[in-house]
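So that you can map any letter, position 135 of the sequence shown is 135 in UniProt numbering, and since no number is skipped, the others follow by simple counting.
Just so it is clear, CB atoms sit at the ideal spot from N, CA and C, and this is done for glycine as well.
Computed from a prediction, not measured in an experiment: that's the story for all the values here.
Everything on this sheet refers to the single structure shown next.
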Amino acid sequence: MATLRTRLFHTYARLRRPMTLGVRAAVENEAGRVFLVRHTYVKGWYMPGGGVERGEPAIEALSRELVEEAGVKLTGLPQLVGFYSNHHVFRNDHVLLYRVRHGSWTETPPTSFGEIAETVWADPLDPPEDATPGTVKRLAEIYGNEPASPYWAGPKS
Numbered sequence: 001m002a003t004l005r006t007r008l009f010h011t012y013a014r015l016r017r018p019m020t021l022g023v024r025a026a027v028e029n030e031a032g033r034v035f036l037v038r039h040t041y042v043k044g045w046y047m048p049g050g051g052v053e054r055g056e057p058a059i060e061a062l063s064r065e066l067v068e069e070a071g072v073k074l075t076g077l078p079q080l081v082g083f084y085s086n087h088h089v090f091r092n093d094h095v096l097l098y099r100v101r102h103g104s105w106t107e108t109p110p111t112s113f114g115e116i117a118e119t120v121w122a123d124p125l126d127p128p129e130d131a132t133p134g135t136v137k138r139l140a141e142i143y144g145n146e147p148a149s150p151y152w153a154g155p156k157s
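Given below as structure tokens:
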């Protein structure tokens, strides 16, 4: 059922918004770990984030999504890391990635119920085994010595 729901959402999004934009964040804690989420409707570990709504500034979408999914309230401006093509999901999808350093956020109760199955503070260079390819690549670019790519998870094959 989750796969059908995800496909229906993607189809609706393509029809409603021919170009889509998402935001994600590498949220860091004091120990240098990053916050990852596992959704109820799709497999894998992701950095928290989601879609930018029509007329919504990207930073407001990020702020909203972090409260919803992670219980993270921004208290400072995050660093924009990059702008990526996410065409393996569907054509003309893009993702803005931000880095939220420790000290620029506070805890708040998450507002999304039923969307997040599990959360973890992970070593950015040793994420959970089933972290998504895009998540692994972005963490390796930010925290390791991997060269930056214009693709979130790789060019569409």
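Taking C-alpha atoms, which residue in T3, D130, P150, W121 lies nearest to A26?
The residue you call residue 26 lines up with position 26 of the sequence shown. Comparing alpha carbon positions, the residue from T3, D130, P150, W121 closest to A26 is W121.
Could you give the first and the last residue of the continuous beta strand (DSSP E) run that contains K73?
Here residue 73 refers to the residue found at position 73 of the sequence shown. Residues 72-74.
My understanding is that Y84 touches L62, with C-beta atoms under 8 Å, so please give their C-beta distance in whole angstroms.
Counting from one through the sequence shown, the residue named residue 84 turns up at place 84. Counting from one through the sequence shown, the residue named residue 62 turns up at place 62. Rounded, the Cβ-Cβ distance is 15 Å, inconsistent with contact.
Would you decide whether A131 is buried or exposed? Buried here means 16 or more other CB atoms lie within 10 Å of its CB.
As a first step, residue 131 is located in the sequence shown; it is residue number 131 there, counting from the start. Buried, by the Cβ-count rule.
Starting from the C-beta of L80, find all residues in its chain whose C-beta is less than 7 Å away, skip the five residues before and the five after it, and write them out in chain order.
As a working mapping, residue 80 is identified with position 80 in the sequence shown. So the qualifying residues of the chain are L96, Y98.
Inspect the beta-carbon positions of residue 239 and F35 and report whether they are closer than 8 Å.
This structure gives no information on residue 239, because the portion of the chain shown stretches from 1 to 157.
What distance in whole Å lies between the Cβ atoms of V23 and V52, which are believed to be in contact at a cut-off of 8 Å?
What you label residue 52 is simply residue 52 of the sequence shown in a count that begins at 1. What you label residue 23 is simply residue 23 of the sequence shown in a count that begins at 1. About 6 Å; that satisfies the 8 Å criterion.
Got a sec, what are the start and stop residues for the beta strand (DSSP E) A117 sits in?
One-based indexing of the sequence shown puts residue 117 at position 117. Start and end: 116-122.
Between which residues of its own chain and A31 is the CB-CB distance below 8 Å, once the five residues before and five after are set aside?
Counting from 1 along the sequence shown, the entry for residue 31 is found at position 31. Excluding sequence neighbours, A31 sits near W121.
Evaluate residue 186 with the Cβ neighbour count: other Cβ atoms within 10 Å of its Cβ, from every protein chain shown; 16 or more gives buried, anything less gives exposed.
The first residue shown for the chain is 1 and the last is 157, placing residue 186 beyond what the model contains.
Can you check which of these residues, F9, R33, R38, L4, is closest to A117 by C-alpha distance?
Locating residue 117 in the sequence shown gives position 117, counting from the first residue. It is R38.
Taking the alpha carbon of L8 as the point to measure from, which residue in V42, L21, L77 has its own alpha carbon closest?
Here residue 8 refers to the residue found at position 8 when the sequence shown is read from its first residue. Comparing Cα positions, the closest option is V42.
Taking 8 Å as the cut-off, decide whether the C-beta atoms of P133 and V67 are in contact.
If you number the sequence shown from 1, residue 133 lands on position 133. If you number the sequence shown from 1, residue 67 lands on position 67. Result no, Cβ atoms of P133 and V67 do not sit closer than 8 Å.
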